[in-house]
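Chemist:
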Amino acid sequence: MNEERLSEAAVTFGENLRKLRKANGLSQEKLAEHLGVSTKHIGDLEAGKSFTTGALLDSVASYFRVGLDELFMTESRRQHVETEAAKMALDILKESTDHVKRKYGIELKLK
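Numbering (the numbering used here), first residue to last: 2 to 112.
Structure below.
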């Protein structure tokens, strides 16, 4: 991985770490305590100023119950994934509805 991509990954990871920490109502101090690292390290990670080890990545993912991919997912990618998931859910719902209509001869009318 070249230096620019590593830097982008560090920034994305930091942004996601901050969002997860705040969403869970944690201070940098509390998160650092849970992960066994310094508060400064958490601050540097969130600022994209440093990167971390694979072991700490695993600890972060485990602590927040997210996949490693979520820790490195950009906001635009996340929106794309959510849009695709919504489309798939609608397709499944439509197929299920069509199946029920055919099986039971039901015609659904929306108001």
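In this text, a Cβ means the ideal position worked out from N, Cα and C, and glycines have one as well.
1) Measure how close the beta-carbons of residue 67 and residue 18 come, nearest whole angstrom, since I'm counting them as under 8 Å.
2) In terms of residues, what are the limits of the alpha helix (DSSP H) holding residue 43?
3) Which residue marks the beginning of the alpha helix (DSSP H) containing residue 31, and which one marks its end?
4) Between the segment 44-61 and the segment 28-36, do three or more beta carbon pairs fall short of 8 Å?
5) Could you check whether residue 33 and residue 42 sit closer than 9 Å to each other, using their CB atoms as the reference points?
6) Can residue 52 and residue 11 be called in contact, C-beta distance under 9 Å?
Modeler: On the basis of the supplied data:
1) For the purposes of this step, residue 67 is identified with residue 66 of the sequence shown, where counting begins at 1. For the purposes of this step, residue 18 is identified with residue 17 of the sequence shown, where counting begins at 1. About 10 Å separates the two Cβ atoms, so there is no contact after all.
2) Taking the sequence shown and counting its residues from 1, the one referred to as residue 43 is at position 42. Segment 40-47, the alpha helix (DSSP H) holding residue 43.
3) Residue 31 sits at position 30 when you count from the first residue of the sequence shown. Residue 31 -> alpha helix (DSSP H) spans 29-36.
4) yes
5) For the purposes of this step, residue 42 is taken as the residue at position 41 of the sequence shown. For the purposes of this step, residue 33 is taken as the residue at position 32 of the sequence shown. Yes, they are a contact pair.
6) Numbered from its first residue, the sequence shown carries residue 52 at position 51. Numbered from its first residue, the sequence shown carries residue 11 at position 10. Yes; because the gap between Cβ atoms is below 9 Å, this pair is in contact.
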